[in-house]
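The structure appears right after this line, and notes come after that.
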Amino acid sequence: MTYAERAPRVRRPAQALFGRLCVINGFLFTAGTVVLALSPATVSAPVLPTELPVLLTGLLLILAANAFLVRRSLAPLDALETLMERVDLLRRGDRLTEQGNGDLTHLVHTFNGMLDRLEAERSASSAHALAAQEAERQRIARELHDEIGQSLTVVLLGLKRTLDRAPEDLRPELQAAQETVRDSIDEVRQVARRLRPGVLADLGLQSALAALASEYPFVTRRVDPDLPELGADVELVLYRIAQESLTNVARHAGATSAELSLSVRPGELLLRVVDDGRGGITREGAGIRGMRERALLIGALLTIKSTVDSGTEVRLSVPWDGQAR
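The number in the working numbering is simply the position in the sequence shown, starting from 1, with 10 added.
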């Protein structure tokens, strides 16, 4: 049950705040009047010099008590402002505790409910966007493999036939063109594999991670051999986050070594990508935000620790209760 589903029916926040301040000040003024009426203290007209300290002391006590009670009553507003400044819909679960403070609890309650709705809408829109992205990747991969790849293969075969009949002085140039086309075919196939990891669907996550790590000679792979049976969505998220992390390492980290690991721990599956590069990530780009969006789709927690000159660690913790997801 979300905060919004169990929201109580109370007065509007502005009315509640106005009433609270009236009650606090009314209480203090009434208490001051009672004390003045029952105490032996008297005030002359005009006020005598000896009575001024009594009056000033009473005034200071009333002001201090009023400031304390009002400050304590409005404390949730400070916490609410702090949460507003730091809230990020890609990091779930950041909420204010609803306790005490009378009518202001409803304001906190309403804000928490709003975050619930925004996170649900963000997750739904992210799921649709990522599903469309995966479909587009598969379409491009098929076109690269079936059309461009086959066209290059036809060109390669044509060059081979031409090379067999070509005069000796043209053979070196034709052989160079042949090697260029062959390299292009390999590159097209590699791009297609990255766009659509067929090995993931055909052979499973372990084989897909092994193939991914083999593309980077500086990467060491450690995958638990007893991985549980996972759903297609979970496997795809794990693979894509590992892929994006290794791509970032290769492009930006300047690392000499990195480790890709996936292990089973009590209550979680833990994916880690650690490198010894320059570190010091200060701004999250589109790639990292995309990783966070994918993590949200399966209820996982993504954390990134990056220290200058000490490398970067990407951790994805996937809740796991021992059953297939």
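Each residue gets a CB set at the ideal place from its N, CA and C atoms; glycine is no exception.
Tell me, please, which residues DSSP counts as bridged to residue i.
i      : result
ALA268 : VAL229, ASP285
LYS315 : GLU323
ARG275 : GLU278
VAL328 : LEU279
Answer yes or no: do residue i and residue j have a C-beta to C-beta separation smaller than 9 Å?
i      : j      : result
GLY277 : THR317 : no
LEU184 : LEU169 : yes
LYS315 : ARG302 : no
LEU87  : ARG105 : no
LEU281 : VAL274 : no
VAL328 : LEU270 : no
VAL198 : LEU162 : yes
VAL201 : LEU154 : yes
LEU79  : LEU117 : no
ILE72  : GLY42  : yes
LEU215 : LEU272 : yes
ARG206 : GLN148 : yes
Do you know whose CA, among the options, lies nearest residue i's CA?
i      : options                        : result
ALA151 : ALA139, VAL118, GLY168, GLY208 : GLY208
GLU294 : LEU281, SER255, ARG275         : SER255
ASN76  : VAL33, VAL45, ARG105, ALA130   : VAL33
GLY287 : THR266, GLY309, PRO329         : THR266
ILE308 : VAL80, LEU205, ALA130          : ALA130
LEU69  : LEU38, SER194, ARG96, HIS262   : LEU38
SER340 : THR67, PHE228, ILE158          : Residue coverage of the chain in this structure runs from 11 to 335, which leaves residue 340 outside it and unanswerable.
SER217 : ASP196, GLU245, LEU205         : GLU245
SER320 : GLY297, ALA310, ASP285, LEU66  : ASP285
GLU146 : ARG204, ALA242, LEU125         : ARG204
ASP243 : GLU144, VAL229, PRO177, ARG171 : GLU144
For residue i, which residues in the same chain have their Cβ closer than 7 Å to its Cβ, ignoring the five residues on either side in sequence?
i      : result
ARG304 : LEU140, VAL247, ARG250, ILE251
THR313 : ARG325
Output needed for residue i: all residues of its chain with C-beta closer than 6 Å, excluding positions within five of it in sequence on either side, in chain order.
i      : result
ARG82  : none
LEU306 : SER133
HIS262 : none
GLU323 : VAL284, LYS315
Considering only residues of the same chain and omitting the five flanking positions on each side of residue i, which have a CB-CB separation below 8 Å?
i      : result
TYR226 : LEU256, VAL259, ALA260, ALA268
TRP330 : PRO238, VAL274, GLY277, GLU278, LEU279
GLY264 : GLY287, ARG288
Item checked: Meets three-Cβ-pair contact criterion under 8 Å: the segment 175-195 and the segment 219-233 -> Not touching, per the Cβ criterion.
Notebook entry, point to check: Given 8 Å as the limit, is there contact between the segment 198-216 and the segment 258-270, that is, 3 or more CB pairs closer than that?
Noted result: No, because fewer than three Cβ pairs between the segment 198-216 and the segment 258-270 fall closer than 8 Å, the two stretches do not touch.
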